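Only one structure is covered here, and it is reproduced in the block below.
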Amino acid sequence: MMFMQANFSLGLDDVDGSEEPRRFASLPCKTLLAYGGDDGTVTCLDEKDNTFHAVQRFDDCVRAVAVSEDGKRVAVGFDSGEIEIFHYDTFELEKASRHPFAEINEKANDDDLLSQGFSDCHKASVGGPQFDAPIRDLQFLRGTSPTFWLIVAHESGMSIVDVTTIDSMSSRVLERESRDAHGQCGIRGVCQRPDSSQIVSLSMDGKLCLWNTDLVDHKMPSFKLAQFETNRCIAKQDAGEIHGADACERSYRPVLHGDVLATPGRLTPLVHYLGKESRIMEVKDCDTNRHIEPVVSLVFLSSDFMISSGRDCRMVLWKCDFDKFALSSVASITSTSVVTAFHAREMGSIYAACTKGTCIQLNVEQRSVESKLPKDSDSPRNHISETLACSNELKKKSSSEHGFCVHEGAHSEYVDDEASVDSPSRNGTKSDTPTGFSQGEQKKGSNEELGSEDESEAEEINAPNNLLSQLVREETPQPPFSVSSTPLDLARRYLCWNHIGSVTILNGTEGASHRSTVDISFTDSAYKRPVSFTDNTGFIVGSLGEDGAIFASDLQKDDDDGLDERNLRGLQISEQTLQAVKRSQRKRIEQNAKPTGSSIFFYRFETLGALRDKDWFLNLPTGERVVGSACGSGWAAVVTSRRFLRLFSSGGNQGQILWLNGDPVTVAGRSRFLIVFCHRSLPLVDKTQQLDYVLWDIASFTVISQGPASCVGKGAALSWAGFSSDCAPMAMDSDGIMSMLTPCSNDGRNWQWIPVLDTLGLRKSSEDNFWPITVQDGRLVCVPLKGSSTYPDAARRPITATLGLRMPFATSSPAKFTMLEELSIRSNLALSQKRALEIDEDDEEYVGLCAQVDKVTLKLFVGMMDEGKVERALDLIDRLHLPKSYEIAARMAEHNRKVADLIEDAKHKNFPQEEDDTMGRLVCNSGSPEPSNEDPHFVTPVSNQPLQKRNKAYGDRTFKKPRIY
Numbered sequence: 001m002m003f004m005q006a007n008f009s010l011g012l013d014d015v016d017g018s019e020e021p022r023r024f025a026s027l028p029c030k031t032l033l034a035y036g037g038d039d040g041t042v043t044c045l046d047e048k049d050n051t052f053h054a055v056q057r058f059d060d061c062v063r064a065v066a067v068s069e070d071g072k073r074v075a076v077g078f079d080s081g082e083i084e085i086f087h088y089d090t091f092e093l094e095k096a097s098r099h100p101f102a103e104i105n106e107k108a109n110d111d112d113l114l115s116q117g118f119s120d121c122h123k124a125s126v127g128g129p130q131f132d133a134p135i136r137d138l139q140f141l142r143g144t145s146p147t148f149w150l151i152v153a154h155e156s157g158m159s160i161v162d163v164t165t166i167d168s169m170s171s172r173v174l175e176r177e178s179r180d181a182h183g184q185c186g187i188r189g190v191c192q193r194p195d196s197s198q199i200v201s202l203s204m205d206g207k208l209c210l211w212n213t214d215l216v217d218h219k220m221p222s223f224k225l226a227q228f229e230t231n232r233c234i235a236k237q238d239a240g241e242i243h244g245a246d247a248c249e250r251s252y253r254p255v256l257h258g259d260v261l262a263t264p265g266r267l268t269p270l271v272h273y274l275g276k277e278s279r280i281m282e283v284k285d286c287d288t289n290r291h292i293e294p295v296v297s298l299v300f301l302s303s304d305f306m307i308s309s310g311r312d313c314r315m316v317l318w319k320c321d322f323d324k325f326a327l328s329s330v331a332s333i334t335s336t337s338v339v340t341a342f343h344a345r346e347m348g349s350i351y352a353a354c355t356k357g358t359c360i361q362l363n364v365e366q367r368s369v370e371s372k373l374p375k376d377s378d379s380p381r382n383h384i385s386e387t388l389a390c391s392n393e394l395k396k397k398s399s400s401e402h403g404f405c406v407h408e409g410a411h412s413e414y415v416d417d418e419a420s421v422d423s424p425s426r427n428g429t430k431s432d433t434p435t436g437f438s439q440g441e442q443k444k445g446s447n448e449e450l451g452s453e454d455e456s457e458a459e460e461i462n463a464p465n466n467l468l469s470q471l472v473r474e475e476t477p478q479p480p481f482s483v484s485s486t487p488l489d490l491a492r493r494y495l496c497w498n499h500i501g502s503v504t505i506l507n508g509t510e511g512a513s514h515r516s517t518v519d520i521s522f523t524d525s526a527y528k529r530p531v532s533f534t535d536n537t538g539f540i541v542g543s544l545g546e547d548g549a550i551f552a553s554d555l556q557k558d559d560d561d562g563l564d565e566r567n568l569r570g571l572q573i574s575e576q577t578l579q580a581v582k583r584s585q586r587k588r589i590e591q592n593a594k595p596t597g598s599s600i601f602f603y604r605f606e607t608l609g610a611l612r613d614k615d616w617f618l619n620l621p622t623g624e625r626v627v628g629s630a631c632g633s634g635w636a637a638v639v640t641s642r643r644f645l646r647l648f649s650s651g652g653n654q655g656q657i658l659w660l661n662g663d664p665v666t667v668a669g670r671s672r673f674l675i676v677f678c679h680r681s682l683p684l685v686d687k688t689q690q691l692d693y694v695l696w697d698i699a700s701f702t703v704i705s706q707g708p709a710s711c712v713g714k715g716a717a718l719s720w721a722g723f724s725s726d727c728a729p730m731a732m733d734s735d736g737i738m739s740m741l742t743p744c745s746n747d748g749r750n751w752q753w754i755p756v757l758d759t760l761g762l763r764k765s766s767e768d769n770f771w772p773i774t775v776q777d778g779r780l781v782c783v784p785l786k787g788s789s790t791y792p793d794a795a796r797r798p799i800t801a802t803l804g805l806r807m808p809f810a811t812s813s814p815a816k817f818t819m820l821e822e823l824s825i826r827s828n829l830a831l832s833q834k835r836a837l838e839i840d841e842d843d844e845e846y847v848g849l850c851a852q853v854d855k856v857t858l859k860l861f862v863g864m865m866d867e868g869k870v871e872r873a874l875d876l877i878d879r880l881h882l883p884k885s886y887e888i889a890a891r892m893a894e895h896n897r898k899v900a901d902l903i904e905d906a907k908h909k910n911f912p913q914e915e916d917d918t919m920g921r922l923v924c925n926s927g928s929p930e931p932s933n934e935d936p937h938f939v940t941p942v943s944n945q946p947l948q949k950r951n952k953a954y955g956d957r958t959f960k961k962p963r964i965y
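Numbered by UniProt numbering, the letters in the sequence shown go through residues 1 to 965 in order.
Laid out in structure tokens, this is it:
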């Protein structure tokens with residue numbers, strides 16, 4: 001179990017409260033340090049009251065702190081490139097209760113920073129090695145005492161320096177080799193095995209190097225490049241602190257635990273196995289508990305479990321399965337700001353440092369049941385479930401050995417108030433920790449309900465204080481996604497693929513600007529030629545419409561255009577003063593900077609004016625990110641992280657800004673219609689997503705329909721949304737069931753989702769699936785995917801396939817009419833859909849469509865009559881739309897006079913204005929236009945008068961709603 005226990009300050013009092021890469025360092029005597037603020041403060045944790053107290057203050061920003069194994073050397077690195085070495089040669093770990101680095105002589109006046117005794121705390125320090133770039137990471141090689149070798153990672157490269165004495169600091173190794181291996185690139189961070197037999201370095205361009213270490217000669221160790229990764233494990237290059245890299249980018253560091261190496265920078269941790277056979281673990285089962293933005297920091301709880309933090313302020317628990325080389329997410333929890341570092345303590349306590357200067361304390365409880373496992377048991381979970389089966393109410397298995405749960409003393413709105421009234425906190429005091437997301441299944445019961453012979457086991461599992469009875473399983477809502485797009489971390493990916501065409505983006509990998517290339521190819525290549533242009537802003541979402549394509553980037557960062565480093569260096573000032581001046585200038589620029597929200601770009605296909613003026617561009621307010629986009633005929637729209645729906649004309653005019661009922665999931669559009677899906681509430685216990693939809697007619701700015709998105713199956717999530725060629729709203733869930741939104745009332749007020757295709761039966765194997773593109777003429781256009789692939793490869797044009805829509809009907813008797821019965825139902829739905837949305841207002845064409853639908857019904861009618869299913873055949877009469885169709889059905893039933901008479905009665909009932917001698921001619925009311933002799937049929941469409949304005953030229957006709965059952 002894991003839960004938040006406390007939330008307190010790191011004691012790094014920044015003046016402006018800016019986001020910085022906060023980090024931890026551990027001293028001997030179990031002392032925890034925190035650093036990373038702008039004011040150069042290093043703080044120490046007092047575990048008695050969970051507060052950090054300042055123990056060191058420096059004139060420059062502290063970026064790294066390293067401590068040797070015996071505690072006799074402490075290295076502090078700064079953003080100026082300088083390193084200060086503290087010598088404690090008389091320190092003995094067995095006799096000391098506190099490390100001297102964390103001791104100061106504070107005076108009574110604590111408010112005066114100059115009087116706190118910090119002037120005496122640097123007596124044991126000497127100036128260490130200096131570099132021409134900010135320090136990123138420091139680590140002492142293990143097992144080299146009495147020689148102290150310091151690994152220094154900085155933004156210009158990497159060096160290993162002997163810091164035993166002042167004279168020995170001239171000895172540097174691995175400096176030239178690391179620059180050659182990393183292509184003259186700086187180093188983000190390093191990690192090493194416990195015996196320092198191998199070192200891993202991560203460069204600023206996102207590539208890894210593995211170095212073998214020979215420590216036979218402690219005075220001069222040797223290093224050899226063992227492995228170099230040509231592929232980037234982090235897609236985005238680190239620009240460096242001087243060039244404005246944010247706190248998250250400066251916090252990326254590799255983590256090594258045994259033979260397992262993990263790196264951040266992607267939506268999921270990239271886990272390398274460095275055993276005899278080097279492999280990368282495959283990520284599975286992370287649709288629910290996952291990051292929606294890149295991972296920032298990592299920490300291993302054991303060889304099987306790890307925790308990651310992301311830019312989305314989430315912390316996710318992962319399980320490593322070394323038998324299948326698979327990595328799966330177990331649970332997630334949300335913090336108030338981004339976590340940039342973890343520190344694992346004893347007894348399952350973990351501290352997390354946040355960019356805003358706060359510290360979150362997490363507690364981990366792992367039930368050890370290995371000694372009680374039966375011989376034929378495969379895992380601890382089997383034994384736990386067998387023990388809990390003694391209770392009538394504890395019937396479900398726990399999802400894993402680890403899980404996130406709400407701390408007993410913290411209030412949660414998802415726990416019944418009656419259950420929490422008599423629930424004391426673990427230590428008898430009320431916790432002020434903000435409640436986060438929880439994971440696990442809700443379990444009830446007490447030790448009394450368990451059998452007496454299993455009472456001791458029940459106490460161990462439920463202890464302390466019946467913790468399992470208070471667990472609440474809470475699934476994470478699915479993150480927003482773009483329709484028919486591929487993941488963000490691919491070098492070449494699809495931004496969109498629909499009925500208009502496809503948009504692919506090739507992310508730049510060379511050069512300083514890393515510009516990307518956008519390619520637009522059209523389905524009808526004869527109508528429009530392919531388009532290609534350069535992306536200078538970093539598009540992450542996009543959509544194609546009839547008039548053009550809309551693109552949006554991630555949150556933008558201001559450039560430091562106002563910094564003139566050449567003029568500053570001309571003043572012959574020190575590097576430390578130069579960095580301080582640059583930080584001051586950068587802050588003034590940020591205060592007057594332009595909005596840093598997502599950038600929106602619209603590329604028009606055609607224009608009446610000059611080509612250079614056809615496209616338009618705008619920036620959203622600071623902090624507002626576009627998470628979905630859609631285009632139609634004459635309009636474009638985006639949904640944002642602030643739950644806004646923003647509308648634009650295709651010419652670039654801003655339209656309405658509307659609130660959504662929940663966090664957006666996706667958006668799709670076609671012609672004049674727009675549909676938006678958003679979260680209604682948290683998912684159910686079985687992971688079923690609870691979503692709402694809103695269907696808009698943008699041309700008239702009218703809500704056509706809204707309500708719950710019941711098209712998501714049990715335990716599933718929404719995976720695709722769009723419109724058919726008839727502009728019918730369509731959606732597909734993660735189980736592969738396609739649904740269509742249809743009107744179910746004569747006035748168009750009630751709409752329902754109806755399944756029209758189940759792709760499960762069309763798969764050749766259980767792992768195959770279909771990646772939807774669009775629905776055209778009653779057929780799903782998709783990309784068949786084999787094996788475990790979940791998306792097509794944009795680097796090569798995939799082969800598409802078409803699947804005919806087929807509602808999941810039960811097999812009837814006779815079975816040969818099942819397909820015809822399904823076609824009759826679906827064609828009636830499509831006809832009512834077409835009339836309700838007024839896609840085609842040509843009444844004569846609609847008459848022809850009604851005749852085609854009636855033809856299918858009549859064919860089914862004849863088959864039922866031939867089989868002797870008279871009642872089933874008679875029920876089909878109510879599906880007919882035209883008077884002429886009733887006449888044909890009556891003639892087909894002449895051999896059964898009773899059936900023929902009932903058909904005639906139904907015709908007169910549904911068309912009371914029809915004359916007996918002139919079938920098919922309309923008798924109009926006094927206020928209606930004169931009938932035409934050229935109109936042979938009476939049209940009986942679905943009326944939707946309150947929804948859309950009807951064409952007054954047809955007068956006050958009486959419409960009949962056909963039955964579809």
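C-beta atoms are modelled at their ideal positions from N, C-alpha and C, and glycine is treated no differently.
These figures come from a predicted structure and were not determined experimentally.
query, result
"Look at the Cβ atom of L317, then the Cβ atom of V299, and state whether they are nearer than 8 Å.", "no"
"Counting only runs of 3+ residues fully inside the segment 597-626, write out the beta strand (DSSP E) ranges in chain order.", "598-604, 616-619"
"Would Q192 pass as a contact of Q139 if the rule is Cβ separation under 8 Å?", "yes"
"Starting from the C-beta of L860, find all residues in its chain whose C-beta is less than 7 Å away, skip the five residues before and the five after it, and write them out in chain order.", "F817, L820, E821, S824, L876"
"For N7, does the count of other Cβ atoms within 10 angstroms reach 16, so buried, or fall short, so exposed?", "buried"
"Short check: CB of E20 to CB of T358, under 8 Å?", "no"
"Does any heavy atom of the ligand SAM sit closer than 7 Å to the C-beta of S303?", "The ligand SAM is not part of this structure, which contains no ligands at all."
"Between D615 and F602, how many whole angstroms is the CB-CB distance? I'm expecting something under 8 Å.", "6 Å"
"Below 8 Å on the Cβ atoms is my guess for A731 versus S739; work out the distance and round it to an integer in Å.", "5 Å"
"Can A721 and D733 be called in contact, C-beta distance under 8 Å?", "no"
"So for P883, helix, strand or coil by DSSP?", "helix"
"What is the rounded straight-line gap between the Cα of E534 and the Cα of T268?", "Residue 534 is actually Thr in this sequence, not Glu. Whole-angstrom Cα-Cα distance: 28 Å."
"What's the C-alpha gap between Q690 and Y35?", "42 Å"
"To the nearest angstrom, how far is it from the Cα of residue 995 to the Cα of P194?", "This structure cannot settle anything about residue 995, because the visible part of the chain is limited to 1 through 965."
"For D905, count neighbouring Cβ atoms within 10 angstroms of its own Cβ and tell me buried if that reaches 16, exposed if not.", "exposed"
"Return the CA-CA distance between G265 and F228, expressed in angstroms with no decimal places.", "18 Å"
"Compute the beta-carbon to beta-carbon distance between L874 and V899, rounded to the nearest angstrom, for a pair I have assumed lies under 8 Å.", "6 Å"
"Does the separation of the CB atoms of V781 and T802 fall below 8 Å?", "yes"
"Would you kindly work out how many angstroms separate the C-alpha atoms of V55 and M220, rounded to a whole number?", "34 Å"
"For W497, count neighbouring Cβ atoms within 10 angstroms of its own Cβ and tell me buried if that reaches 16, exposed if not.", "buried"
"Please work out which residues of its chain come closer than 7 Å, Cβ to Cβ, to L10, disregarding the five sequence neighbours upstream and downstream, and give them in chain order.", "R22, A34, T43, F52, A353, G357, T358, C359"
"Determine which residues share a DSSP beta bridge with Y494 and list them.", "T504"
"State whether the segment 517-527 contacts the segment 640-658, with contact taken as three or more CB pairs (one from each stretch) at a distance under 8 Å.", "no"
"Is DSSP giving G707 helix, strand or coil here?", "strand"
"Among residues of its own chain, excluding the 5 on either side of T213, which ones have a beta-carbon nearer than 7 Å to its beta-carbon?", "S196, S197, Q198, I199, P221, F223"
"Taking a contact to mean a Cβ-Cβ separation below 8 Å, would you say P755 touches I737 in this structure?", "yes"
"Starting from the C-beta of S543, find all residues in its chain whose C-beta is less than 6 Å away, skip the five residues before and the five after it, and write them out in chain order.", "C496, I550, S629, A630, C631"
"Within its chain, find whatever has a CB closer than 6 Å to the CB of P479; leave out the 5 residues flanking it on each side and keep chain order.", "I292"
"Could you please give the first and the last residue of the uninterrupted alpha helix (DSSP H) stretch that includes R73?", "Taken as a continuous stretch (DSSP letters only), R73 belongs to no alpha helix (DSSP H), being part of the beta strand (DSSP E) at 73-78."
"Would you mind sorting K714 into buried or exposed? The rule is 16 or more other CB atoms within 10 Å of its CB.", "exposed"
"Can you check whether the CB of T742 is closer than 8 Å to the CB of L829?", "yes"
"Rounded to a whole number of angstroms, what is the C-alpha to C-alpha distance between L682 and C29?", "45 Å"
"What would DSSP say about V483, mapped onto helix, strand or coil?", "coil"
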